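S.K.: Number 971 in our numbering belongs to position 14 of the sequence shown; there are no gaps in the numbering. Can you read through this structure? Questions will come right after.
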Amino acid sequence: MEFQPSSFTHRHLLGIEGLSPWDIEKVLDLADNYVGLSRSRHKKTDVLRGLTVINLFFENSTRTLTSFELAGKRLGADVINMAVANSSIKKGETLIDTAMTLNAMHPDALVVRHSDSGAVKLLAQKVNCAVVNGGDGSHEHPTQALLDALTIRRRKGRLEGLTVTICGDVLHSRVARSNILLLNTMGARVRVVAPPTLMPAAIDRMGVEVYTNMREGLKDADIVMMLRLQTERMQGQYVPSIREYFHFFGLTEEKLAAAKPDCLIMHPGPMNRGVEIDSVIADDINRSVILDQVELGVAVRMAVLDLLTRDRRGDNDDLGGKL
Ligand code: CP
């Protein structure tokens, strides 16, 4: 029998890479416990009382930043959102000097988003607190993959054995990369669909099936995850036109007909309607779980902050403290 640690032993959450199936289940189980708290009238507990969480986002965010702020506050922590635009970074201070400056104020967790792949890992080597990757370049976005997994598990009852098709700008997507790693770890079958210009070289080495045709990639899929064209990471033209891209790679009712009738529609957001997804599909209340993903993002981030701060709280309560 494989050895299972009695607690989540990771100091940081920098990526899905390095997490075991047990680690992933641990986060998802704890997040499941926190969903009820967020739905209740009194949304607060004191699991993180006295602790400080700093959100340091060098890239724009709606979902990740807001949900980490809510997650920290609902757990009773003091949460600071550092406004990078108004910070000394604008005066030339480096990422590392900024991190060490914040570290000197004794935070218990830093949540960092940065445009450079690897920047969050570098920063984690310089500070004493837990570091959570809120998305680094096109590398990883681990809490997105965890919230996607929780959404699927709550709807389908499992991850193992499901066929998940990830469509769109796979090349620039940290969401795709983290999801591929997580879904493979949990025994799902992963397909990617993209035009050749937006497919990473050697993607097949990540253990996925590769398609350039939506209908083929969607055939009998249980889940479809749509990705935005990440124009902010593009230098040059990757698609002939938005109109042509939507024609071949936009999710429409007609293309979705190739998937299973109960196929779930997912999107990490932000969504560009009429570019990668038809509005009718995005708003289909029977199949679209896009807003469920947003809701469960808060619970997953509560679970991550809880698990990563247990050592400093001297708490290894599997039930996530006082729920
Ligand atoms: N999915 C995601 O990371 O969204 P934000 O950029 O709004 O945080």
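For every residue, glycine included, the Cβ atom is placed at its ideal position computed from N, Cα and C. As the structure is a computational prediction, the values presented were derived from the model and not from experiment.
May I ask you to report which of helix, strand or coil DSSP gives Gly1278?
M.R.: Reliability fails at Gly1278, whose pLDDT of 44 lies under 50, so the model's placement of it is uncertain and no value is given.
S.K.: Of the residues Gly1174, Ile1160, Met1183, Pro1225, which one's Cα is nearest the Cα of Ala1216?
M.R.: It is Gly1174 whose Cα lies nearest to the Cα of Ala1216.
S.K.: Between Ser1135 and Pro1099, is the Cβ-Cβ spacing less than 7 Å?
M.R.: Yes.
S.K.: The beta strand (DSSP E) with Ile1011 in it runs from where to where?
M.R.: Per DSSP, Ile1011 belongs to the beta strand (DSSP E) from 1009-1014.
S.K.: Considering only heavy atoms of the ligand CP, does any lie closer than 6 Å to the CB of Arg1020?
M.R.: Checking every heavy atom of the ligand CP against the Cβ of Arg1020, one is found closer than 6 Å.
S.K.: Rounded to the nearest angstrom, what separates Thr1169 and Asn1090 at their Cα positions?
M.R.: About 30 Å.
S.K.: Based on the DSSP secondary-structure assignment, which residues constitute the bridge partners of His1281?
M.R.: Nothing about residue 1281 can be read from this structure; the chain reaches only from 958 to 1280.
S.K.: Among the residues of its own chain, which have a CB less than 8 Å from the CB of Ser1018, if the five just before and after it don't count?
M.R.: Contacts found: Arg1070, Gly1091, Gly1092.
S.K.: Compute the minimum distance between the beta carbon of Pro1197 and the heavy atoms of the ligand CP, and state whether it is under 6 Å.
M.R.: Every heavy atom of the ligand CP is 6 Å or more from the Cβ of Pro1197, so no.
S.K.: By DSSP's criteria, Ser1245 is part of a beta bridge. Which residues make up the other side?
M.R.: Ser1245 pairs with Ile1222.
S.K.: Just checking my contact of Met1191 with Gly1125 at CB under 8 Å: how many whole Å lie between their CB atoms?
M.R.: Between Gly1125 and Met1191 the Cβ distance is about 13 Å, and since that is not below 8 Å, they are no contact.
S.K.: Within its chain, find whatever has a CB closer than 6 Å to the CB of Ile1037; leave out the 5 residues flanking it on each side and keep chain order.
M.R.: Taken in chain order, the residues that qualify are Ile1011.
S.K.: Buried or exposed: where does Asp1054 fall if 16 or more other Cβ atoms within 10 Å of its Cβ makes it buried?
M.R.: Exposed, since its Cβ has fewer than 16 Cβ neighbours within 10 Å.
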